[in-house]
Amino acid sequence: MQLILLLINIAGEVIKFLTADQMERYRRNMLLDGVGVDGQKKLLQSSVLVAGSGGLGSPVAYYLAAAGIGHIGLLDGDTVDLSNLQRQILHFTPDLGRPKVVSAREKISALNPDIKISVIGQRMDEKNYKEIISQFDLVVDGTDNFEARFLINRACVEQRKPYIFGGVLGYSGQVMTIIPGQSPCLSCIFRHVPSGEAPSCDREGVLGAIPGLIGTLEVAEAIKVILNIGEPLIGRLLTCDVLTMQFMPVEISRDPDCPVCGGVDV
């Protein structure tokens, strides 16, 4: 039987059960100010939906699992295509034609068999988005279209769930953390879904490392929100351009007339 370690604080109160393997696996997490044993407990008890298992979703899901997020949901209705492998690091050549959520679950489970992984092999739409998001504490954006992002934004505002927004294109990317009632939402910046053909990686390309960079920043934001540490990108859209290697935060204010979050109280 695996050894169970009972940790007791200086007051003699029980603060956490961890296995010996967990103590070793997450030791470098727990050495950090703001994490410790209690913080690791929060991570293990939290649930995060990763919307998309592609370019952004790959690093997001991988590092969330490595950090010890106790329940990860993988949402994606696509299968693995050869063109994905330039940037979608959860998928390998033998995975071609397989559902992305199945491929992703295998890699994440191999990394950390301790955690629960739920697969949702469908696209998010008007019929299912509220129910899907209601099952998780926080949502991290790994989608590649505005329609899905607007659905996520709306549901997260309605259900008061944090939403980590991320986007990539070409040599650039952006990240923002949305906390309903405290920060502007996506609709404060983009009032409507862009009409016609919005710029996309399919048409304009993307450097493979960009989703890796933005995805890891999204994970850092998610962990900060879960642990209530640091200064998340609330009301700040962080943009980056790797050609010039410049990172610039852009201040964003809540729009009182926003049709999504304008009536949400702090």
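Taking the working numbering, the leading residue of the sequence shown gets 1, the next gets one more, and so forth.
C-beta: ideal position from N, C-alpha, C; glycine also.
With the cut-off set at 7 Å, would you say residue i and residue j are in Cβ contact?
i, j, result
"S118", "G70", "no"
"D137", "S200", "no"
"Y254", "C156", "The identity of residue 254 in the sequence shown is Arg, whereas the question assumes Tyr. No; because the gap between Cβ atoms is not below 7 Å, this pair is not in contact."
"V140", "L233", "no"
"R160", "P180", "yes"
"G173", "I210", "yes"
"V115", "A65", "Checking the sequence, you will find Ile at residue 115 rather than Val. Yes."
"L238", "P249", "yes"
"V219", "V60", "yes"
"I214", "V168", "yes"
"K42", "D78", "no"
"R149", "V260", "no"
Take the Cβ of residue i as the centre, count every other Cβ of all protein chains shown within 10 Å, and call the residue buried at 16 or more, exposed below.
i, result
"D95", "buried"
"M30", "buried"
"I15", "Residue confidence for I15 is low, a pLDDT of 42 falling below 50, so the modelled location carries little weight and cannot support an answer."
"A51", "buried"
"E251", "exposed"
"M124", "buried"
"N84", "buried"
"T143", "buried"
"V193", "exposed"
"L212", "Looking at the sequence shown, residue 212 is not Leu but Gly. The residue in question, G212, is buried, as its Cβ has 16 or more Cβ neighbours within 10 Å."
"S53", "buried"
"L217", "buried"
"T244", "exposed"
"F247", "exposed"
"I4", "With a pLDDT of 42 at I4, under the threshold of 50, the modelled position of that residue is not reliable, and the figure given next carries that caveat. So I4 ends up on the exposed side."
Taking the alpha-carbon of residue i as reference, which of the options has the nearest alpha-carbon?
i, options, result
"G34", "I223, P249, V260, D241", "I223"
"T242", "G166, Y171, L18, I89", "The displayed chain sequence assigns Val, not Thr, to residue 242. When each option's Cα is compared against that of V242, the closest is Y171."
"L82", "D76, L75, H91", "H91"
"Y129", "D76, T93, R105, S103", "D76"
"A104", "K127, L32, G55", "G55"
"L49", "L227, L18, Y163", "Y163"
"G263", "G36, R28, V102, Q182", "Q182"
"R191", "C258, F247, Q246, T244", "C258"
"L44", "T244, F17, S53", "F17"
"G36", "G235, L227, T244, C240", "L227"
"N112", "R236, Y26, V102", "Y26"
"Q122", "E106, Q86, V102, A110", "V102"
Just to check my reading of the structure: residue i and residue j have Cβ atoms closer than 8 Å, yes? What is that Cβ distance to the nearest angstrom?
i, j, result
"Y62", "I108", "7 Å"
"F165", "L151", "F165 to L151, Cβ: 13 Å. No contact."
"G97", "V80", "6 Å"
"Q88", "G68", "23 Å between Cβ atoms; not a contact."
"T177", "E221", "5 Å"
Less than 6 Å between the CB of residue i and some heavy atom of the ligand FMN, yes or no?
i, result
"S103", "Among the components modelled here there is no ligand, and therefore nothing to report on the ligand FMN."
Exercise for the section: Kindly confirm or deny that the segment 205-214 and the segment 15-24 touch, where touching means at least three C-beta pairs closer than 8 Å. Expected result: no
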